[in-house]
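Using the numbering used here, you'd call the opening residue of the sequence shown number 125 and step up by one each time.
One structure is given below, encoded as structure tokens.
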Amino acid sequence: MRYLIIIPIFLLGGCCDPGDEPPPPFGTPDDVSRSSSGEYKSVIYTYHCLNGEFVSKSYIRADACSDYESGSEFRTSGICPTLEQQEILSGLGSIQKLNYLKSIGMKIDTVRF
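This is the structure in structure tokens:
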């Protein structure tokens, strides 16, 4: 009788360890997006201005028995100042900031501080 109780508990619990969601790769992200479909799950960490770059890093899990795997990583520059440029900007007034950003070729409508 004892085996009849243990077997259903084992079957309900399953043998899969779904694993924890991976931590953000570069510290606290600006945005986290999660999606799932059936057992498939994904998490995307987005950093709007990480060292002067927009960075998006994804992790995926194909099913409940799989660990999260590293997915795609997207990087682009030019939408926010680099750390060096941010230091320069911190000492400038509003008009000087705009002139400096224009001089380094940044589009004013897409810059994030």
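Even for Gly, the Cβ is constructed at its ideal location relative to N, Cα and C.
In this text, all values refer to a predicted model and were calculated from it rather than measured experimentally.
Asked                                                                                                                                                   : Found
Does DSSP put Thr200 in a helix, a strand or coil?                                                                                                      : strand
Alpha carbons only, please: which of Tyr224, Ser161 and Lys165 is nearest the one belonging to Ser194?                                                  : Lys165
When DSSP labels each residue in this structure, what does Tyr192 get in the three-state scheme?                                                        : coil
So which of Ile184, His172, Val179 and Ile212 has the shortest CA-CA distance to Ser158?                                                                : According to the sequence displayed, residue 158 carries Arg and not Ser. Residue Ile184 is the option with its Cα nearest to Arg158.
Using 10 angstroms around the beta-carbon of Ser201, count the other beta-carbons present and answer buried if the total reaches 16, otherwise exposed. : exposed
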